[in-house]
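Here's the structure we're looking at; comments come further down.
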Amino acid sequence: MHRVIGKALRKVDAVAKVTGATRFADDLTFPRMLYCKLLRSTQPHARIVSVDGSAAAKLDGVQAVLTGRDLPIPFGILPVSQDEHALCVERVRFIGDPVAAVAATTEETATAALDLIKVEYEPLKSFASAEEAVEHPEPRIHDYGDSGNLHKLIDLEFGDADEGIAEGDLVREDLFFFEGSTHLPMEQHAALAQWSPDRKLTLWTSTQTPHYVHRALAKVLELPAARIRVIATPNGGGFGGKSDPFSHELVVAKFAMMTGRPVKITLTREEVFYCHRGRHPTLMWVRTGVKRDGAITGMHFKSLLDGGAYGSYGVASTYYTGALQTVTYHVPRYHFQGARAFTNKAPCGPKRGHGTPQPRFALEVHIDKIAEELHLDPAELRLKTLVPANSLTANYLRVGSMGLGQCITKVVEGSGWKKKFRKLPRGRGVGLACSSYISGAGLPIYWNNMPHSGVQLKCDRGGGVTVFCGSTEIGQGSDSILAYIVAEVLGVDPFDIAVVTGDTDLTPVDLGSYSSRVTLMSGNAALQAAERARQILALHAAKQLEIPAERLTFADGRVFDGKNPKHGMSFAEAVQRAEAAEGTIGTVGSYTPPQSAGKYRGAGVGPSPAYSYSACVAEVDVDPETGIVRVPTIWIAHDVGRSINSASVIGQVEGSIYMGLGEALMEEMAYRGDLKVVHKIPSLLEYKSPTTLEMCDVVTYLIEDPDPNGPFGAKEVGQGPLLPVMPAVANAVYDAVGVRVDEVPITPEKVFKALRRKEKGEPARYGPDHFPDIAWPEPTRVPTPWEGGDGKAVSPARV
Amino acid sequence: MATITFEVNGEREEVAFAPHKTLLEVLREDLGLTGTKHGCELGECGTCTVLLDGTPVLSCLVLGLACAGHGVRTVEGMAQGGKLHPLQETFADLGAAQCGYCTPAFLLAAEALLAANPKPTREEIKDALAGNLCRCTGYIKIYEAIELAAERMQHA
């Protein structure tokens, strides 16, 4: 019986957040602080002939000017894509690429100084889409990558997929397109740097990944990491958009070193759109063979990602578009080909669901079409083909607990699916889709054998406990998770626990708030540290109480005999006795994920300690005259393993539904102009996102099927529930008006066009009709586990 | 520099600032009231909402000078005597604040709504908040927190 775990408690930072006391990066100011502004490229692709900042430097109030040559060392989040510069050196690659920077005594002066910087460009041919980049290998946007303007090419084959597909009673082939979208956190990125004459640099920044910012600063500024302190301020929303090290962080640090004064930058909303790192626009082709009962015999999946101007997480994103197709429905033989193109647009990267919402959209709509051809109910088809718990997939992902069946059953019952599917009046429809997501990546970005998350724990003789962890609070509740877990183990009030996070000087490394890893990984680290502390305290309390340590209960701020609760002491006294005997009481805990089963090149993306599962039914109203889609209700069931805080879990589910609804209906990172490389009005008004008037009702069911790898059985919840929303809405639109929109967002225009085609007797569909020819590399062939494979590739010989 | 006198959270303030400054900038930069946030500074997101004489306004679109003689209420004024406002209590209890960045704006918009309409329907709450964006919560916990606070305030 848990006292804290699973309860709908306040978050530990809730009061600070409702009183406005939380200090976000832009809320910080220091005496003599300078303001920084970045000059950004007006060209989509050009050689920089010259940059002249001399006039800007002379402006009264300007303290320093920087150009690319001042920070020549490249950086990037992935070791294989160190392709960014703090300020462009020889080339600009998208409109918005930072070229020069100014630090001045006021923000107004810094802005005025930007106009005095003269940049001469020699324009180069620009590419606006992945298809264009495939077609034109020259001029290359980067001088690295797998071929021409293709950054990454992947070809992985698990068993003979063609042979498997041919064994199907039905073979179906479909094309899909998923438009790019951006995170749109309400807080614009901000950073503040301070340099001390003893050669110590401190950076406060709204980042989800202080550890990687720390690495980038050390590399680009050529400073010892030990002299750099990165403090991740609470993020005013992240969603993946603050997971890369950014130009502005490096630039303010450099300015602080040059001027000896604190330097701050807060990006404008327009600049946030240029930082981007959002969802990759992705074209997908899928061919699947199925038996009459819906059992999949083989699948071949191809994806083409528009990566924008830089690498970012793109190599991982590309692998992710092919990794998780196998963890929901059993796919016995599987072939994945993925390509990522460089284009002259804001760089794409990880957005909530990282590389998996696009293929999940494709797969779930594809299965809906298969079910229709087989005259099967799409819910029943799915239930019959589920991956079993505790199994290995064709691509060597180890599935542990697997609650998808329960999820499907819940939403089918809750939504009245059987009474509604194909039975509602024209214009009203229901659609079902499922999904799965990782609870953190099994491998770190920098491959090493060190833990992914660390916790230090201090017990104070006053009865207070402090938890130190490098994890980063971005609104998902990661600070609270640490407090709840420690409170549960030590039997104290979670609000008696102080939490210190996201500070590279004070806290042990946690890799960051990305890939839905924090509850599982920092939670396990906290659990280990707390159990070790409990052991020490129990030893000395047991001596004092003259009972065996196993009989002790830690609860309600006391340590007592479980058989005689009156016989005990306060938690503070237990700490005092232990401290008197052993000295200061502190423990550590850390977490490293289990070894992955796959040993082939590319096996690093997809493995996770645990997979969450979701099933979703969307009900829609479609106006056949205008194509306008409204979503009154979404039913969602999510297998979270175990809720650490049920209110926070439901909050994450509802937030995921919201963001998925935006992607389903309206959100698009669209470009305009003759060359299609100018962002279509980078503003919060023109980038359409759901307001209270568009948001649907959400009925949430939590499935708690504890996973042995999670702390108290917990799995992720922050990203997975977003994934099924887009395909559920698309499938519901088909149920409502009989047209397929094989592309998101599902805008009125697309629905309308598909309806017109239907009226004319043409295919009742809107979506892509062509996947370009790509010179794929020789496939990496890995025999499946049921073919006697051991996770290693058998060809090509070298890998 | 311009100097104005106005009331902020019930207290008289005299403050000097560059005349082009917005109320948002005066609050954050000259009065240190950083509880008021910004998401665009173009009047698009609602994040900088404060109450001007009890009415929600976007402080990024109001000139500081225009506030002379008027009363402004920010999130810092909501808790009284170390006690949270009922809306703050319910926002904290129900998880209506995730990242917390848009929260001050929602709290003030909700306070104005409840002052005008102590028992709003769900639809009336949605209408009142349609100009405030939140990217974390999907708004649902915010509605629930407002409804619970309204109920508690009725019985207070």
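In order, the protein sequences belong to chains A and B.
So the first sequence is residues 263 to 1061, counted in this note's numbering.
So the second sequence is residues 108 to 263, counted in this note's numbering.
Just so it is clear, CB atoms sit at the ideal spot from N, CA and C, and this is done for glycine as well.
Is DSSP giving residue i helix, strand or coil here?
i	result
H637 (chain A)	coil
M664 (chain A)	coil
C298 (chain A)	strand
C147 (chain B)	coil
H473 (chain A)	helix
M561 (chain A)	strand
D818 (chain A)	coil
V1061 (chain A)	Here the model assigns V1061 (chain A) a pLDDT of 43, short of 50, so the residue's position is not dependable, and the following value carries that caveat. V1061 (chain A) falls in the coil class under three-state DSSP.
W1048 (chain A)	helix
R265 (chain A)	coil
V354 (chain A)	strand
N907 (chain A)	strand
A256 (chain B)	helix
D424 (chain A)	helix
R1027 (chain A)	strand
V754 (chain A)	coil
Q797 (chain A)	helix
Q718 (chain A)	strand
N993 (chain A)	helix
E435 (chain A)	strand
H413 (chain A)	strand
F113 (chain B)	strand
F535 (chain A)	helix
Would you check if the distance between the CB atom of residue i and the CB atom of residue j is smaller than 8 Å?
i	j	result
G702 (chain A)	M783 (chain A)	yes
P1117 (chain A)	T854 (chain A)	This structure leaves residue 1117 (chain A) out entirely; chain A is present only between 263 and 1061.
G785 (chain A)	P973 (chain A)	yes
G551 (chain A)	L636 (chain A)	no
I919 (chain A)	G202 (chain B)	no
L264 (chain B)	G153 (chain B)	Any question about residue 264 (chain B) goes unanswered here, given that chain B covers just 108 to 263.
A926 (chain A)	P1007 (chain A)	yes
Q599 (chain A)	P621 (chain A)	no
A624 (chain A)	F438 (chain A)	yes
Q981 (chain A)	Y699 (chain A)	yes
R602 (chain A)	L567 (chain A)	yes
G499 (chain A)	C243 (chain B)	yes
S959 (chain A)	V692 (chain A)	Per the sequence shown, the amino acid found at residue 959 (chain A) is Asp instead of Ser. No, Cβ-Cβ distance for D959 (chain A) and V692 (chain A) is not below 8 Å.
G704 (chain A)	G732 (chain A)	no
P496 (chain A)	E835 (chain A)	no
C696 (chain A)	E626 (chain A)	yes
Using 10 angstroms around the beta-carbon of residue i, count the other beta-carbons present and answer buried if the total reaches 16, otherwise exposed.
i	result
W1064 (chain A)	A query on residue 1064 (chain A) cannot be resolved here, the shown segment of chain A reaching from 263 to 1061 and no further.
S221 (chain A)	Any property of residue 221 (chain A) remains undetermined from this structure, which presents chain A solely from 263 to 1061.
P687 (chain A)	exposed
K320 (chain A)	exposed
P650 (chain A)	exposed
E948 (chain A)	exposed
S343 (chain A)	buried
D359 (chain A)	buried
A318 (chain A)	buried
Quick one: which unbroken alpha helix (DSSP H) runs of 4-plus residues sit fully inside the stretch 828-879 of chain A? Chain order, please. 833-844
Between the stretch 281-300 of chain A and chain B, which residues of the former have CB atoms less than 9 Å from a CB of the latter, in chain order? T281, G282, A283, T284, R285, F286, D288, D289, L290, T291
Note down, in chain order, all residues in the stretch 518-540 of chain A with a beta-carbon under 8 Å from any beta-carbon belonging to chain B. T530, R531
Unbroken stretches of the beta strand (DSSP E), 3 residues or longer, contained in the stretch 546-612 of chain A: 558-568, 596-603
My parser needs the alpha helix (DSSP H) runs of 4 or more residues fully inside the stretch 653-698 of chain A; what are they? 666-677, 679-682
Closer than 9 Å between beta carbons: that is the criterion. Which residues of the stretch 115-139 of chain B meet it against chain A? A125, H127, R135, E136, G139
The stretch 195-224 of chain B: which residues have C-beta closer than 7 Å to a C-beta of chain A, in chain order? Q195, F198, A199, D200, L201, G202, A204, Q205, C206, G207, Y208, C209, T210, P211, L214
Length at least 4, wholly inside the stretch 441-526 of chain A: the alpha helix (DSSP H) runs in chain order: 472-483, 509-521
Please name the residues in the stretch 144-157 of chain B whose beta-carbon is closer than 8 Å to at least one beta-carbon of chain A, in chain order. K144, H145, G146, C147, E148, L149, E151, C152, T154
May I have a chain-ordered list of the beta strand (DSSP E) segments no shorter than 3 residues that lie completely inside the stretch 307-390 of chain A? 308-314, 324-329, 360-366, 380-385
Could you please tell me which residues of the stretch 172-191 of chain B, in chain order, have their CB closer than 8 Å to any CB of chain A? T181, V182, E183, M185, A186, L191
Run through the stretch 131-206 of chain B for me and flag every whole alpha helix (DSSP H) of 4 or more residues, listed as ranges in chain order. 193-201
Proximal residues, the stretch 925-939 of chain A versus chain B, C-beta separation under 9 Å: none
Residues within the stretch 938-959 of chain A neighbouring chain B, beta-carbon criterion of under 7 Å: S945, L946, L947, S951, T953, T954, L955, M957
Compile a chain-ordered list of the residues in the stretch 435-468 of chain A whose CB is closer than 8 Å to at least one CB of chain B. H445, L446, P447, M448, E449, Q450
Report the residues of the stretch 240-253 of chain B with a CB closer than 9 Å to any CB of chain A, ordered along the chain. L240, C241, R242, C243, T244, G245, Y246, I247, K248, I249, Y250
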